[in-house]
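First comes the structure, then the notes that go with it.
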Amino acid sequence: MYRQAQSLSLRVTNRNMAEGEFEVVPIPQVSLAPDQLSRQFLVCNVCNDNYNEDGKHARLLPCLHALCFECLNKTKVDNQLQCPIPTCKVTHQLGDLDKTCPRDNTRRDLMDFVKVKRAPSAVCCSVCPSNIATYRCKQCAEFLCGECQSAHKRVNATKDHVLLEIEKLKQSQDLDAFCRQLTCGEHAGNDLKLYCTKDTCQKPVCMMCAIVSCKETNGHKIESADTVADAKRQDIKDQKSSMTKVGKEIQQVTDNVKTEQEKVMNLRKMVEDEIDETFDNLEKIIARGRADLKKTLENCVMTKQDHLKAQERELKKMKSEIEESSKFTEQALAYTNAAAFLQINQTIMSRLKTLTEQFFDKEPHEMATFGFHAKGLIAEVQSKVAEMANIWSLSAFTPNCRAEFGDDLEENKSATFVVKLKDFEKNAPFKNGTLDVADMKIVVKDPRGAETECSKKMKKGSSDELEVTVKPCMTGRHSLDITVLDRVIVHKEFESKPAIVRGGSKKDPVSPKIPPKKEGPKPDPPAPGGMQKPDMAFDREKSHKDVSVSADGKVFKNSPSGDPADLVKSNSRLQKYKGAYCVKGFHYPGKYTYAIKMEIKIKKPLDKSNLVFELGIARKSAIGKNLVVEGEKFAWSMIGAHHVDCDAICLHIAHNNHLLHHEVLTSNTAGSTMERLFGFVLDTEFGQWKVFDQKAEKQICVMEAVDCSETLYPVVAGYNPNSVEVTATFIRID
Numbered sequence: 088m089y090r091q092a093q094s095l096s097l098r099v100t101n102r103n104m105a106e107g108e109f110e111v112v113p114i115p116q117v118s119l120a121p122d123q124l125s126r127q128f129l130v131c132n133v134c135n136d137n138y139n140e141d142g143k144h145a146r147l148l149p150c151l152h153a154l155c156f157e158c159l160n161k162t163k164v165d166n167q168l169q170c171p172i173p174t175c176k177v178t179h180q181l182g183d184l185d186k187t188c189p190r191d192n193t194r195r196d197l198m199d200f201v202k203v204k205r206a207p208s209a210v211c212c213s214v215c216p217s218n219i220a221t222y223r224c225k226q227c228a229e230f231l232c233g234e235c236q237s238a239h240k241r242v243n244a245t246k247d248h249v250l251l252e253i254e255k256l257k258q259s260q261d262l263d264a265f266c267r268q269l270t271c272g273e274h275a276g277n278d279l280k281l282y283c284t285k286d287t288c289q290k291p292v293c294m295m296c297a298i299v300s301c302k303e304t305n306g307h308k309i310e311s312a313d314t315v316a317d318a319k320r321q322d323i324k325d326q327k328s329s330m331t332k333v334g335k336e337i338q339q340v341t342d343n344v345k346t347e348q349e350k351v352m353n354l355r356k357m358v359e360d361e362i363d364e365t366f367d368n369l370e371k372i373i374a375r376g377r378a379d380l381k382k383t384l385e386n387c388v389m390t391k392q393d394h395l396k397a398q399e400r401e402l403k404k405m406k407s408e409i410e411e412s413s414k415f416t417e418q419a420l421a422y423t424n425a426a427a428f429l430q431i432n433q434t435i436m437s438r439l440k441t442l443t444e445q446f447f448d449k450e451p452h453e454m455a456t457f458g459f460h461a462k463g464l465i466a467e468v469q470s471k472v473a474e475m476a477n478i479w480s481l482s483a484f485t486p487n488c489r490a491e492f493g494d495d496l497e498e499n500k501s502a503t504f505v506v507k508l509k510d511f512e513k514n515a516p517f518k519n520g521t522l523d524v525a526d527m528k529i530v531v532k533d534p535r536g537a538e539t540e541c542s543k544k545m546k547k548g549s550s551d552e553l554e555v556t557v558k559p560c561m562t563g564r565h566s567l568d569i570t571v572l573d574r575v576i577v578h579k580e581f582e583s584k585p586a587i588v589r590g591g592s593k594k595d596p597v598s599p600k601i602p603p604k605k606e607g608p609k610p611d612p613p614a615p616g617g618m619q620k621p622d623m624a625f626d627r628e629k630s631h632k633d634v635s636v637s638a639d640g641k642v643f644k645n646s647p648s649g650d651p652a653d654l655v656k657s658n659s660r661l662q663k664y665k666g667a668y669c670v671k672g673f674h675y676p677g678k679y680t681y682a683i684k685m686e687i688k689i690k691k692p693l694d695k696s697n698l699v700f701e702l703g704i705a706r707k708s709a710i711g712k713n714l715v716v717e718g719e720k721f722a723w724s725m726i727g728a729h730h731v732d733c734d735a736i737c738l739h740i741a742h743n744n745h746l747l748h749h750e751v752l753t754s755n756t757a758g759s760t761m762e763r764l765f766g767f768v769l770d771t772e773f774g775q776w777k778v779f780d781q782k783a784e785k786q787i788c789v790m791e792a793v794d795c796s797e798t799l800y801p802v803v804a805g806y807n808p809n810s811v812e813v814t815a816t817f818i819r820i821d
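Residue numbering for the sequence shown follows the numbering used here, starting at 88 and increasing by one per position.
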């Protein structure tokens with residue numbers, strides 16, 4: 088048996104030396120202070136008692152935290168154990184306890200290391216505990232006093248052991264001198280110097296184990312424990328290096344998260360400043376309106392008071408003359424001299440008759456008949472704030488977003504693909520806002536680097552999918568970028584194939600056709616009396632993508648129609664204004680008239696203050712900045728909207744903060760309809776825009792001080808297509 092063990096030991100040693108495939112990993116130095124080592128590694132995380140070699144020996148959990156064996160048995164429930172560390176709390180399935188939570192004997196070595204580091208002069212001899220140890224045997228892992236050290240040197244079995252002075256050990260920074268050789272639990276006294284690498288074993292063994300239970304003839308493979316440990320250390324070192332890289336990536340992401348938090352707060356400040364600036368301007372407008380109204384009120388009061396005071400002065404003067412004449416007459420009547428009385432009689436009589444017959448108004452020239460009219464003002468302001476001011480937020484998480492292209496992208500052919508947007512929880516990304524108000528751009532870059540902005544809309548019935556229309560102008564590699572506030576949330580590259588002529592295999596090379604030169608629209612001849620009646624049409628190519636204009640430009644609808652691939656977005660198409668403007672404009676000098684038939688049909692009741700339509704005139708510079716042109720410096724318009732006070736669809740016409748006209752158009756109930764023919768006259772010489780009920784031949788209102796120094800274009804817009812159908816048609820005036 089001894090020869091067999093000796094032969095096995097030689098084979099293992101020689102094989103490991105011959106292979107030479109493992110690099111010995113240097114033993115790392117301990118960097119923590121003794122007290123830190125004790126707190127972190129030598130105290131149970133549940134009972135706070137020091138580990139020992141008996142019932143409170145350390146057990147290592149899969150999460151690399153530890154607790155004593157007693158606490159492990161007390162804490163586990165149905166072969167489950169939750170880590171006691173508050174920052175961990177991971178639940179482990181125990182199964183085979185010795186494999187899942189192995190005994191951690193490295194802590195025994197660490198105990199001796201800490202004992203020497205803390206108080207080397209208080210370390211007791213392992214053989215005679217009443218004496219203070221001065222040496223430690225590296226092989227026996229025992230502390231020895233002076234007498235035991237001398238005896239150790241005399242015994243043949245231990246005389247060659249390495250004895251280290253404790254004072255010198257105190258200066259050591261590694262655990263090499265404190266390592267204890269483990270012995271086999273099945274074969275007492277045998278050191279665990281070998282390792283069985285068979286998958287079902289994977290454990291340190293002694294020489295007897297290798298001969299008896301881990302025979303190589305049964306598929307076991309025995310290696311030197313030191314060699315395997317060196318290899319395992321190298322594996323752990325490599326894995327630790329990989330883990331450290333992950334830690335650095337986590338730190339980088341953490342830094343990015345902190346940076347994004349700072350950007351969120353900075354953007355919050357910017358948006359708050361924009362909100363404050365907007366409402367500060369509104370307050371100024373309101374303050375100016377208040378001042379103007381008070382000034383108008385003062386002028387009204389002063390005019391009435393001036394008239395009344397002048398009347399009062401005149402009446403007082405007349406009354407004074409009567410009183411003076413009455414006194415004189417009484418005195419004259421008292422004269423008894425007949426001749427003297429008769430000399431002045433005629434003069435007195437004439438004066439009295441004049442004063443008696445004089446004319447004066449029997450009523451005050453003015454009445455206290457004035458007041459303040461602001462019906463619907465507060466509701467109108469509230470509706471405008473709710474309609475036009477909002478906060479949008481998009482929580483798109485780039486790894487969860489993607490663009491799905493088909494395989495049929497061809498040169499000069501429009502195609503629609505789907506972009507799926509998700510937040511980090513894979514939910515719909517839009518919060519407190521809609522796609523229409525989000526500052527989102529979808530740009531395709533062709534192989535030359537030229538950029539084209541694409542049209543987009545929410546896919547019907549979806550809250551996280553966009554339908555994007557693209558029309559590659561050439562073949563080759565293209566790239567797509569979806570940005571929000573210049574932050575890229577989706578980047579995708581795709582190929583555009585050469586166009587294929589349907590019915591043939593390839594596109595026949597033909598010379599490009601040069602389209603005939605288009606002549607500009609001829610001006611309409613002036614009508615009798617100097618009134619021009621231009622042939623009006625909306626600019627179809629520049630209308631908003633979410634509305635439709637008929638091929639002849641005569642009919643406008645508030646919802647798109649036809650093939651969405653035709654709605655290729657361009658820089659000239661309206662982005663915010665949900666409408667269209669005319670091809671022709673009105674310029675000075677001239678007097679123009681035109682008519683528009685408005686038709687609306689309520690599909691379902693509109694919410695408070697929802698817009699329905701807008702008709703107006705404006706400079707091009709004032710069109711497209713907002714949902715409406717009303718309120719712009721060089722724009723004049725009339726609005727159809729749900730009115731809170733009336734709970735109906737009403738027509739509002741206002742100018743310079745004064746309501747000029749208000750009337751109910753139709754009720755806010757599903758199925759209700761309205762048809763009105765509005766006529767308009769723009770007099771550029773006098774700066775007047777007149778609105779008529781064309782069918783009733785009745786003037787509705789007149790807007791004064793219209794700036795006609797630059798061309799003005801008729802505009803129309805329609806809103807809320809899910810609730811109301813809006814149709815505007817140009818009608819030729821004969």
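Where is the CB? At the ideal position from N, CA and C, for every residue including glycine.
Remember, predicted model here, so these are calculated numbers, not experimental data.
For CYS737, the pairing in a beta bridge is given by DSSP as ALA728 and VAL751.
Apart from sequence neighbours up to five positions away, the residues of its chain that approach GLN169 with a beta-carbon distance below 8 Å are THR162, LYS176, VAL177, THR178 and HIS179, ordered along the chain.
Under the three-state reduction of DSSP, ASP342 is assigned to helix.
Residue VAL811 holds the alpha-carbon nearest to the alpha-carbon of SER759 among TYR800, VAL811, ALA804 and ALA709. If you look at PRO189, you'll find it isn't in any alpha helix (DSSP H); DSSP assigns it neither H nor E. For ASN487, the secondary structure class from DSSP, reduced to helix, strand or coil, is helix.
Excluding the 5 residues flanking it on each side, VAL575 has same chain C-beta neighbours closer than 6 Å at ASP568, in chain order.
Counting only runs that start and end inside the stretch 299-362, the beta strand (DSSP E) elements of at least 3 residues fall at 309-311. Between SER583 and LEU496, the gap from beta carbon to beta carbon is short of 8 Å. Contact fails between the stretch 290-302 and the stretch 238-258, because fewer than three Cβ pairs, one in each stretch, are under 8 Å apart.
Straight-line spacing of the CA atoms in MET545 and GLN662 works out to 15 Å. One alpha carbon belongs to ASP191, the other to LEU151, and they sit about 10 Å apart. Under the DSSP assignment, ASP122 falls in the alpha helix (DSSP H) whose first and last residues are 121-128.
DSSP, reduced to helix, strand and coil, places HIS578 within a strand of the structure shown.
By a beta-carbon distance limit of 8 Å, ALA804 does not contact VAL670. Their separation comes to about 17 Å.
Judged by their CB atoms, LEU281 and GLU303 are not nearer to each other than the 8 Å cut-off. Annotated three-state conformation of ASN645 is coil, per DSSP. Rounded to the nearest whole angstrom, the CA to CA distance from THR365 to SER659 is 27 Å. For ALA735, the CB contacts under 8 Å within the same chain, skipping 5 residues up- and downstream, are HIS729, VAL751, LEU752, THR753, SER754 and ASN755 in chain order.
Annotation: ILE683 is outside any alpha helix (DSSP H); the continuous beta strand (DSSP E) that includes it extends over 678-689. Taking LYS509 as reference, the option from LYS532, GLY493, ALA525 and SER482 with the minimal CA-CA separation is SER482. Counting every other CB atom within 10 Å of its CB across the protein chains shown gives ILE683 a total of 16 or more, marking it as buried.
Assignment of LEU269 by DSSP, reduced to helix, strand and coil, places it in the coil class. Within the DSSP secondary-structure output, PHE625 pairs in a beta bridge with CYS669. Your pair ARG146 and LEU129 does not check out as a contact, with CB atoms roughly 14 Å apart and the cut at 8 Å.
Straight across, the Cα-Cα distance linking VAL793 with PRO801 is about 13 Å. The C-alpha of VAL531 is placed about 11 Å away from the C-alpha of THR570. Setting aside the 5 residues that flank it on each side, VAL505 is surrounded in the same chain by ALA490, GLU491, LYS546, GLU552, LEU553, GLU554 and VAL555, each with a C-beta closer than 8 Å to its C-beta; the list follows chain order. Here VAL210 has LYS202, VAL203, ILE219, ALA220, PHE230 and ILE253 as same chain residues with Cβ atoms under 8 Å from its own Cβ, once five neighbours each way along the sequence are excluded. Judged by their CB atoms, ILE820 and ALA757 are not nearer to each other than the 8 Å cut-off. Residue range 425-444 is occupied by the alpha helix (DSSP H) that includes THR434. Separation of ALA426 and MET454 (C-alpha to C-alpha, rounded to the nearest whole angstrom) is 52 Å.
According to the DSSP assignment, MET475 belongs to the alpha helix (DSSP H) that extends over 464-475.
With distances taken between CA atoms, THR562 lies nearest to ARG535 out of LYS579, LYS543 and ARG535.
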